[in-house]
Structures are given as C-alpha cells and as structure tokens.
Amino acid sequence: MPRAAALKLHGLLAHWDEVPEAEWPGVHRLIEWEHLERKRRGLERRLSAAHILSQVASQLNRLLDAYGASALEQAIAEALAGGVPHPNAVAQALERGREQRHLPPPLAIVLPDNAKARNIVVRPGSLAAYDQLDMDTHNDRAENPERSDDDND
Numbered sequence: 029m030p031r032a033a034a035l036k037l038h039g040l041l042a043h044w045d046e047v048p049e050a051e052w053p054g055v056h057r058l059i060e061w062e063h064l065e066r067k068r069r070g071l072e073r074r075l076s077a078a079h080i081l082s083q084v085a086s087q088l089n090r091l092l093d094a095y096g097a098s099a100l101e102q103a104i105a106e107a108l109a110g111g112v113p114h115p116n117a118v119a120q121a122l123e124r125g126r127e128q129r130h131l132p133p134p135l136a137i138v139l140p141d142n143a144k145a146r147n148i149v150v151r152p153g154s155l156a157a158y159d160q161l162d163m164d165t166h167n168d169r170a171e172n173p174e175r176s177d178d179d180n181d
C-alpha cells in the first residue's frame, strides 16, 4: 500500500480492501511495473532536457565564435530583458546590432588541417591598371564633352 500511495494510484487505493488475497501477487507486480515505467519516463524526460540544453549551449557557442563575448553578453541580456530566453532571440539581437552598425554578416571560414594552407599569405594584386582605365575614360569625356556614353557610333 505505501508504494501505491507514493505512485498516487488513487483508484487502486480506494478499492484496496476489496482486492482478494489471491490477487495480491498480481497487484504487487502491476504496482512494480508502474513504478519502473515511471522511472523510465522520468529518465527519458531528463535526457530530453539535457539534449535540449546541449543544443542551446551549442547554438550559443556558435554565436560566441561569430560575434565575440561582449556582443553575445549584451544580446543575452537583451533577450532576457525582453522575456525571451531562447538562442534565437539572442541571434536576432546580435543581427539587429550588426545591422545597426552597418557591419557585414559574420562568415565562418573553414580551412583544411594542412599547416601550409592555413598559413598562406595572399598579397593583393595591383589595381593601377583599373585606375588607368578610369583616367582614360575621364580624359576622353573631357576631350569630347558633346559625346555621351550612350553614343555607339
């Protein structure tokens, strides 16, 4: 009876005195099954909650990598102040701040594990030839002001 009360099996408890003695082994077995099933479901709920927490931590870590600690801390505070404790609210706050500062979106750069590839230095090429093209066009316009860019003669 104590286990049935702990499991809150109120229907069984209400009719406890009506159970014939020959059926007690079966009743005890049913109570044990109920106890084990509740333990299993409780474990599943805890595992599900742990999985959700793991996903939240993973999302926040990605945001930390992309935006930095200071911006993430501000975005978390904003999300909590708005009553929306969810990583998506944090991401929205980060994006809103980025857009207000007119910054480009953060992009993750995936590099190979090859040390030579990771340490390569790319030197930009000279753009002087393009500058010269612009100067030539500017000079042509100065020499022929009556000619427009739309003329294809």
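In this text, residue positions in the sequence shown follow my numbering: the first is 29, and each later residue adds one.
Glycine included, C-beta positions come from ideal geometry on N, C-alpha and C.
Note that the structure is a prediction, hence the values are computed from the model and not measured.
Q) Does DSSP classify His79 as helix, strand or coil? A) His79 falls in the helix class under three-state DSSP.
Q: State the start and end residues of the unbroken alpha helix (DSSP H) segment that holds Leu155.
A: Element bounds for Leu155: n/a, residue is neither H nor E.
**Q.** Rounded straight-line distance, which links the Cα of Leu64 to that of Trp52
**A.** Answer to the nearest angstrom: the Cα atoms are 18 Å apart.
**Q.** Whole-Å CB distance - Ile59 paired with Leu35, under 8 Å assumed
**A.** Going by Cβ atoms, the distance from Ile59 to Leu35 rounds to 7 Å, so yes, they are a contact pair.
Q) Does DSSP classify Asn142 as helix, strand or coil? A) Of the three classes helix, strand and coil, the one that applies to Asn142 here is coil, per DSSP.
Q) By DSSP, does Ile148 sit in helix, in strand, or in coil? A) Three-state result, Ile148: coil.
Q: Determine the contact status of Ala97 and Pro134, defining contact as a CB-CB distance below 8 Å.
A: Contact flag unset, no.
Q) What's the call for Ala85, buried or exposed, on a 16-neighbour Cβ count within 10 Å? A) By the neighbour-count rule (16 or more Cβ atoms within 10 Å), Ala85 is not buried but exposed.
Q. The alpha helix (DSSP H) spanning Pro30 covers which residue range?
A. Counting along the chain, Pro30 sits inside the alpha helix (DSSP H) bounded by residues Pro30 to Ala34.
Q.
Rounded to the nearest angstrom, what separates Leu75 and Glu49 at their Cα positions?
A. Between Leu75 and Glu49, the C-alpha separation is close to 40 Å.
(Q) To the nearest angstrom, how far is the alpha carbon of Glu113 from that of Glu127? (A) The sequence as given places Pro at residue 113; Glu does not occur at that position. The alpha-carbon of Pro113 is positioned some 22 Å away from that of Glu127.
**Q.** Best match in Gly153, Asn116, Ala32 and Ala145 for proximity to Glu62 [C-alpha to C-alpha]
**A.** Minimum Cα distance to Glu62 is reached at Ala32.
Q. Would Asp181 be called buried (16 or more neighbouring beta carbons within 10 Å of its own) or exposed?
A. Reliability fails at Asp181, whose pLDDT of 47 lies under 50, so the model's placement of it is uncertain and the value that follows must be treated cautiously. Exposed: under 16 other Cβ atoms inside 10 Å.
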